[in-house]
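Asks: Structure provided below as structure tokens; questions to follow.
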Amino acid sequence: MTFSTVHALVLRNLYLYTRTPVRGIELIFWPLVDLLVWGYLTIFLQSHTGADFPHQITFLIGAVILWDIMFRAQQGVALYFLEDVWSRNLLNVFSAPVSNADYLASTYVIGFLRSAVTSLLLSVLAIGLYAFNIFQLDWMLLPFVFNLLLFGWALGMISTALIVRWGPAAETLAWAVPFFLQPFAAVYYPVDALPTAVQWVAHAIPCSHIFEGMRSGLRDGVVPWENLAWATGLNLLYLAAAGLLFTRVMKTSREKGLLTKFVSQ
Amino acid sequence: MPTPVLEVTDLVKEFGSVRSVDGLSLIIEKGDILGLLGANGAGKTTAINMILGIISPTSGTIQVFGRDLAHERIAILRRMNFSSTYTHLPGNLRVWQNLNVFGRIYRVPHLKRRIDEVLELLGIAQLKNRVTGDLSAGESTKLNLCKALLNKPELLLLDEPTASLDPDAADTVRRLTLRIREEDGTSILYTSHNMRDVEEVCDRVVFMHEGKALRTGTTREILDHFNEQSLESLFIRVARGGVIESSAPSSES
């Protein structure tokens with residue numbers, strides 16, 4: 444991996460965002476809509492339920508913020524590739540001295556920056572609008588966020604690999620892949636709420652351990668070590684598998700000329 | 041004997057049952073301009089994509105600067121560059137921003153100065169702060185060429201560089217191609233449908249048909265071999281299913 448190459452690729456994306464502020468809508472508008480909808484739903488439920496329940500419901504706002512960290516990281520990786528497809532710049536990049544590692548590292552940086560912008564904005568707004576402070580998780584927040592970034596990057600690599608393999612028609616996977624998992628990821632409800640037959644799916648997804656950990660951390664103020672250990676271990680497996688898939692698909696793309704099809708379509 | 045800049049040996053590319061490139065061999069020495077000529081589907085672009093490492097060959101070898109592309113792709117690509125009518129630089133970035141990004145990728149020293157130089161060379165210095173997407177087709181092609189020249193490549197691959205240009209701009213590009221060869225000793229692989237390009241610019245031509253090199257030689261040698269008056273008439277004859285056998289050995293094989 445070459446730092447100057449990664450820097451150049453990151454710079455290209457930063458130029459893109461500063462040149463076209465309308466892209467900020469994607470980073471700000473949709474997460475804001477989520478926060479408003481779930482926030483006011485929380486307030487409504489709090490005012491119509493029993494004494495203990497309101498505390499549980501505030502977790503919804505935390506879930507919105509943490510889900511968005513994962514989602515923006517995934518998008519950072521997957522949309523990065525699509526930006527080059529849309530601008531017909533793909534062959535310029537892949538005919539340049541850019542290794543898979545350079546390319547992936549730059550997508551991770553962009554994913555991190557996207558997550559940072561959106562989650563900071565949502566966190567501050569959640570304090571102002573709903574008196575919900577995600578920072579009460581204190582230093583626990585760091586391993587939560589780090590694990591969500593790891594999973595977002597892994598999903599981003601998987602999304603990109605599938606798009607490369609299946610061609611431009613599969614572009615929609617850049618948005619769809621995280622939502623395939625969301626029902627099982629225990630984002631807004633605990634794993635126990637799922638039918639017993641599919642709970643194993645939730646246990647196999649790293650972010651479900653983070654959301655379970657977030658709820659117990661907020662409720663009890665105790666570090667959920669077991670959740671963190673599961674999330675980290677699973678994330679390492681997912682990252683290794685996603686990296687392997689990406690590398691194999693890039694090899695296949697060279698054998699089958701898949702990248703050139705993005706230019707000709 | 042100096043190591044060739046590019047040496048392609050028995051290159052084959054099959055996509056399923058289709059053989060897009062069939063036993064292509066070619067050599068480019070330092071300062072050579074070699075033209076790849078052929079109708080659509082002749083295998084020119086597939087060959088270029090293999091030399092860039094975007095497509096891997098089914099069999100055969102590609103040596104660039106004496107190094108095996110299959111094993112030293114990144115190191116080789118640093119000393120090469122590429123421009124195609126069919127690729128674009130991101131339209132939402134300004135001209136200088138695009139060149140800044142690629143200059144950094146290719147580790148161009150004194151980048152700001154080099155960006156000014158290549159813009160001046162292509163006669164588009166006044167476009168430096170323009171948004172790339174607002175450029176005309178001709179300006180956009182010139183910008184692609186600026187990108188391709190940024191790192192002073194020792195091997196330059198130009199895929200139909202004059203395809204979208206008016207005659208004046210096409211003439212500028214032809215002159216520029218000869219000039220960079222003259223000044224920097226750049227070796228160039230040049231594909232074009234424009235026979236005038238090939239006749240004016242290329243030292244030698246590989247005439248391709250259905251993935252095969254029918255003949256390699258100077259324009260004169262090829263015309264004499266096929267008993268034609270111009271490359272254009274030969275091109276039409278081959279494209280319409282006329283002479284397709286490579287009856288005599290080419291100057292390289």
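Here the protein sequences line up with chains A and B, keeping their order. For our numbering, add 443 to where a residue sits in the first sequence, where the first one is 1. For our numbering, add 40 to where a residue sits in the second sequence, where the first one is 1. By construction, the Cβ of each residue, glycine as well, lies at the ideal position given by its N, Cα and C atoms.
1) Going by beta carbon distance, what residues of the same chain come within less than 6 Å of A:ALA548, once the five residues before and after it are set aside?
2) What first and last residue would you give for the beta strand (DSSP E) that runs through B:GLN103?
3) At which residue ranges does the region 51-76 of chain B contain complete beta strand (DSSP E) runs of 3 or more residues, listed in the order of the chain?
4) Are there three or more Cβ pairs, one per stretch, closer than 8 Å when the region 555-565 of chain A is compared with the region 469-479 of chain A?
5) Given this structure, state the Cα-to-Cα distance separating A:ASP527 from A:ALA612, to the nearest angstrom.
6) Could you check where the beta strand (DSSP E) with B:ILE228 kicks off and where it finishes?
7) Return yes when the Cβ of B:SER232 is within less than 9 Å of the Cβ of B:GLY75, no when it is not.
8) Hey, A:LEU592 and A:GLY554 are a contact pair by Cβ (cut 8 Å); roughly how many whole angstroms apart?
9) Rounding to the nearest angstrom, what Cα-Cα distance links A:ILE648 and B:LYS53 in this structure?
10) In the DSSP assignment, find the alpha helix (DSSP H) that holds A:GLY482 and state where it starts and stops.
11) For A:ALA451 and chain B, any beta-carbon pair shorter than 9 Å?
12) Among the residues of its own chain, which have a CB less than 7 Å from the CB of B:GLY106, if the five just before and after it don't count?
13) With a cut-off of 8 Å on the beta carbons, I'd call B:SER123 and B:LEU185 a contact; round off their distance for me.
14) Between which residues of its own chain and B:PHE142 is the CB-CB distance below 7 Å, once the five residues before and five after are set aside?
15) Which residues does DSSP pair with B:LEU196 in a beta bridge?
16) Which chain A residues are close to B:ILE145, counting only those with a beta carbon under 7 Å from its beta carbon?
17) Below 9 Å between beta carbons: does that hold for B:ALA209 and B:THR217?
18) Between the Cα of B:GLN166 and the Cα atoms of B:GLY173, B:VAL135, B:ILE145, B:ARG144, which residue gives the shortest distance?
19) Cβ-heavy atom distance between A:GLY660 and the ligand NAD below 8 Å?
20) Would you call B:PRO193 buried or exposed, if buried means 16 or more other Cβ atoms sit within 10 Å of its Cβ?
21) Applying the criterion that 16 or more other CB atoms from any shown protein chain within 10 Å of the CB defines a buried residue, is A:ALA619 buried or exposed?
22) Using a Cβ-Cβ cut-off of 9 Å, state whether A:ARG462 counts as contacting chain B.
23) Exposed or buried, A:ARG691, counting other C-beta atoms within 10 Å across all chains shown (16 or more means buried)?
24) Note the first and the last residue of the continuous beta strand (DSSP E) segment covering B:VAL246.
25) Roughly how many angstroms lie between the CA atoms of B:ARG255 and B:CYS242, to the nearest whole one?
26) Am I right that A:ARG551 and A:TRP510 are in contact with their C-beta atoms under 8 Å? What's the rounded C-beta distance?
27) Three-state secondary structure (DSSP) at B:ALA115?
28) Taking the C-alpha atoms as reference points, what is the distance between A:PHE446 and A:CYS650?
29) Contact between the region 598-616 of chain A and the region 626-636 of chain A is defined here as three or more beta-carbon pairs at a separation below 8 Å; is this criterion met?
30) Helix, strand or coil: which one does DSSP assign to A:VAL665?
31) Give the residues of chain B in contact with A:THR690, contact being defined as C-beta atoms less than 8 Å apart.
32) In chain A, which residues lie less than 9 Å from B:ARG107 when you measure between Cβ atoms?
33) Answer yes or no: does any C-beta atom of chain B fall closer than 9 Å to that of A:ARG697?
34) Under DSSP, the beta strand (DSSP E) around B:ARG255 begins and ends at which residues?
35) Would you list, in sequence order, the uninterrupted alpha helix (DSSP H) runs of no fewer than 4 residues that lie entirely inside the region 668-706 of chain A?
36) Measuring CA to CA, which of A:TYR573, A:LEU525, A:GLU469, A:PRO540 is closest to A:PHE487?
Replies: A quick look at the data gives this:
1) On the first sequence, position 105 is the one that residue 548 of chain A refers to. Answer for A:ALA548: MET444, VAL449, listed in chain order.
2) For this step, residue 103 of chain B is matched to residue 63 along the second sequence. Counting along the chain, the beta strand (DSSP E) containing B:GLN103 begins and ends at 99-104.
3) 58-68
4) yes
5) Counting from one through the first sequence, the residue named residue 527 of chain A turns up at place 84. Counting from one through the first sequence, the residue named residue 612 of chain A turns up at place 169. Roughly 15 Å between the two C-alpha positions.
6) Translated into the one-based positions of the second sequence, residue 228 of chain B becomes position 188. B:ILE228 -> beta strand (DSSP E) spans 227-231.
7) Here residue 75 of chain B corresponds to residue number 35 of the second sequence, with the count starting at 1. Here residue 232 of chain B corresponds to residue number 192 of the second sequence, with the count starting at 1. Result yes, Cβ atoms of B:GLY75 and B:SER232 sit closer than 9 Å.
8) Looking up residue 592 of chain A in the first sequence gives position 149. Looking up residue 554 of chain A in the first sequence gives position 111. Confirmed, about 7 Å.
9) Indexing the first sequence from 1 puts residue 648 of chain A at position 205. Indexing the second sequence from 1 puts residue 53 of chain B at position 13. Using only the alpha carbons, I get a separation of about 41 Å.
10) For the purposes of this step, residue 482 of chain A is identified with residue 39 of the first sequence, where counting begins at 1. Segment 467-490, the alpha helix (DSSP H) holding A:GLY482.
11) The count along the first sequence starts at 1 and reaches residue 451 of chain A at position 8. Yes, A:ALA451 lies at the interface with chain B (some Cβ there is under 9 Å from its Cβ).
12) Taking the first residue of the second sequence as position 1, residue 106 of chain B is located at position 66. THR43.
13) Sequence index remark: in the second sequence, residue 123 of chain B carries index 83 (1-based). Sequence index remark: in the second sequence, residue 185 of chain B carries index 145 (1-based). At roughly 5 Å, the Cβ-Cβ gap stays under 8 Å, so B:SER123 and B:LEU185 are in contact.
14) Within the second sequence, numbered from 1, the residue matching residue 142 of chain B stands at position 102. Answer for B:PHE142: LYS187, LEU190, listed in chain order.
15) As a position in the second sequence, residue 196 of chain B is number 156, starting the count at 1. Per DSSP, B:ASN121, B:ILE228.
16) Start at 1 with the first residue of the second sequence, and residue 145 of chain B comes out as number 105. In chain order: THR448, ALA451, ALA539, PRO540, VAL541.
17) Within the second sequence, the letter at position 169 stands for residue 209 of chain B. Within the second sequence, the letter at position 177 stands for residue 217 of chain B. For B:ALA209 and B:THR217, no; Cβs fall outside 9 Å.
18) Counted from its first residue, the second sequence places residue 166 of chain B at position 126. Of the listed residues, the one whose Cα sits closest to B:GLN166 is B:VAL135.
19) Absence of the ligand NAD is noted for the structure shown, with no ligands found whatsoever.
20) Taking the first residue of the second sequence as 1, we reach residue 193 of chain B at position 153. Burial call: buried.
21) Working through the first sequence from its first residue, we reach residue 619 of chain A at position 176. Exposed is the call here.
22) On the first sequence, residue 462 of chain A is found 19 positions in, with the first residue counted as 1. Closer than 9 Å: yes.
23) Your numbering for residue 691 of chain A matches position 248 in the first sequence. With fewer than 16 other Cβ atoms within 10 Å, it is exposed.
24) Here the question's residue 246 of chain B lines up with position 206 in the second sequence. Counting along the chain, the beta strand (DSSP E) containing B:VAL246 begins and ends at 244-249.
25) Position 215 of the second sequence, counting from 1, holds the residue named residue 255 of chain B. Position 202 of the second sequence, counting from 1, holds the residue named residue 242 of chain B. Taking the straight line joining both Cα atoms gives about 15 Å.
26) Position 108 of the first sequence, counting from 1, holds the residue named residue 551 of chain A. Position 67 of the first sequence, counting from 1, holds the residue named residue 510 of chain A. Here the sequence assigns Tyr to residue 551 of chain A, which means Arg is not the residue at that position. No, A:TYR551 and A:TRP510 are not in contact; Cβ-Cβ is about 19 Å, not under 8 Å.
27) Along the second sequence, one-based indexing puts residue 115 of chain B at 75. B:ALA115 falls in the helix class under three-state DSSP.
28) Here residue 446 of chain A corresponds to residue number 3 of the first sequence, with the count starting at 1. Here residue 650 of chain A corresponds to residue number 207 of the first sequence, with the count starting at 1. Using only the alpha carbons, I get a separation of about 30 Å.
29) no
30) Position 222 of the first sequence, counted from the first residue, corresponds to residue 665 of chain A. Residue state, collapsed to three classes: coil.
31) The residue labelled residue 690 of chain A in the question sits at position 247 within the first sequence. Correct list: empty, because the minimum Cβ distance to chain B is about 14 Å.
32) Here residue 107 of chain B refers to the residue found at position 67 of the second sequence. Residues of chain A passing the Cβ test: none, with the nearest at roughly 13 Å.
33) Translated into the one-based positions of the first sequence, residue 697 of chain A becomes position 254. So yes, A:ARG697 belongs to the interface.
34) The residue labelled residue 255 of chain B in the question sits at position 215 within the second sequence. B:ARG255 -> beta strand (DSSP E) spans 252-257.
35) 668-699
36) To locate residue 487 of chain A, count along the first sequence from 1; it is residue 44. When each option's Cα is compared against that of A:PHE487, the closest is A:TYR573.
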